[in-house]
Amino acid sequence: MTTGTATGTTARTIRLVLGRTAFYGVLSVVGLFMLLPFLWSLSTSLKPDEDIIALPIRWLPGSITFEHYWSAFTTVPFARHFANSMLLAVAGVATNVLLGALAGYAFARLAFRGNRLLFRLLLASMMVPPVVTLVPSFVIVRSMPLVGGNDIAGQGGAGLLNTYWAVILPGAVGAFAVFMMRQFFLALPKDLGEAARVDGCREFRIFWSIYLPLCRPALATLSVFTFVAGWNGFLWPLIVLNDPDMMTIQMSLAAFSFNQKTDYGPLMAGSIVAMVPTLLLFAFGQRYLTRGLAFTGTGSK
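When we follow numbering that gives the first Met the number 0, the leftmost residue of the sequence shown carries the number 0, and every step to the right adds one.
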């Protein structure tokens, strides 16, 4: 009896070890497959020109060179474009975090007429493809009254076109930011706010001093998503920004493809540099990102 029990336990242990080994082995293969584009870009950025176009394909550089990184920063004003993207991405994070938290708190904790209707309309707007709103957004930015030479009717000038505000304002707060923060606020206990109201706290003080500090995981998660979206933005900045000094890093990368030719070395070098901020952000914010995603969507109303 004891021998049979020990044998059964050993068999289960072996099956468990084999199952975990197979599981992690499959995950390792999938992870390596997903890393291949990044590894290829890194390898190409360090290859001499003759190795990039060599056949058969050389996965590893025969000799390492940093010439392509130098070319990426000298062919175009890459550092200026990097700074432009950083400014726009950080501004987008600041506005989405603040305004998204305010709107999310209002939908989650304030009772007002039309709360559910407005929130459903907000969710419906998430189903509209962004490309559909390009023309209306352009017209609004172009016709902004009393700016960019426009009169009170929004005519006669360029409005906010070719300014950083043309990128910042349309993306100042997104439906996803409001939805995410609302769901997180719903997961927090109501008793905290009710006790503060009994003590005489005003609503904004309750939001700012009590609830907002508890939302750090959600705020960090929203910051990561918003930064990545702003950093990778290409089409909208391409439409509203014409000044070469105001171009973003994604527009700068597109400059390495011209006249049906692509300068792959500097392009890959610039792409690696463009990846660095997002990689660092995910590395340092991964803990908050996981917690934020775990709590979001657990609330109910």
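Ideal placement from N, C-alpha and C gives every residue a C-beta, glycine not left out.
Range covered by the alpha helix (DSSP H) that runs through residue i
i      : result
Ala82  : 77–108
Trp230 : 215–230
Ile167 : 164–167
Asn241 : Segment: none, Asn241 is in no alpha helix (DSSP H) and carries neither H nor E.
Trp69  : 66–74
Asp190 : 190–197
Phe183 : 174–185
Ile248 : 248–253
Ile139 : 133–141
Arg115 : 114–124
Ile209 : From DSSP, Ile209 is part of no alpha helix (DSSP H); its letter is neither H nor E.
Ile51  : 48–51
Check whether residue i and residue j have beta carbons under 8 Å apart
i      : j      : result
Ser84  : Ile238 : no
Arg79  : Asp244 : yes
Ala71  : Met125 : no
Ala228 : Leu252 : no
Val134 : Ala254 : no
Leu159 : Val146 : yes
Leu191 : Ala107 : no
Ala157 : Asn95  : no
Asn149 : Leu240 : no
Met179 : Leu221 : yes
Phe77  : Gly232 : no
Leu38  : Ile63  : no
Pro144 : Gly155 : no
Leu211 : Ala100 : yes
Val223 : Leu280 : yes
Ala219 : Gly284 : yes
Presumed contact (8 Å Cβ cut-off) between residue i and residue j, rounded CB distance
i      : j      : result
Pro276 : Trp207 : Between Trp207 and Pro276 the Cβ distance is about 29 Å, and since that is not below 8 Å, they are no contact.
Val92  : Phe183 : Incorrect: roughly 17 Å between the Cβ atoms, too far for contact.
Leu86  : Tyr163 : 7 Å
Spatial neighbours of residue i in its chain, beta-carbon cut-off 7 Å, leaving aside the 5 residues before and after
i      : result
Ala88  : Phe226, Gly229, Trp230
Phe213 : With the sequence shown as reference, residue 213 is identified as Leu, and Phe is not the correct amino acid for it. These residues qualify, in order along the chain: Leu187.
Ser136 : Pro169
Cβ shell of residue i (< 6 Å), same chain only, five flanking positions each side left out
i      : result
Tyr104 : Phe184, Phe206
Thr297 : Below a pLDDT of 50, predicted positions are generally treated as unreliable, and Thr297, at 49, falls in that range; the measurement from the model is reported next regardless. Counting only Cβ-Cβ distances below 6 Å, and skipping sequence neighbours, we find Ala186.
Ala10  : none
Ala165 : Val140, Leu159, Val239
Glu193 : none
Own chain residues within Cβ distance below 8 Å of residue i, not counting five before or after
i      : result
Val127 : none
Leu41  : Met267, Ile271
Ala282 : none
Quick one: any contact between the region 257–274 and the region 53–68, if contact means 3 or more CB pairs under 8 Å? Between the region 257–274 and the region 53–68 there are three or more C-beta pairs closer than 8 Å, enough to call the two in contact.
Three CB pairs or more closer than 8 Å across the region 193–202 and the region 162–170: These segments do not touch.
Cβ pair count under 8 Å reaching 3, the region 23–33 against the region 47–57: No, because fewer than three Cβ pairs between the region 23–33 and the region 47–57 fall closer than 8 Å, the two stretches do not touch.
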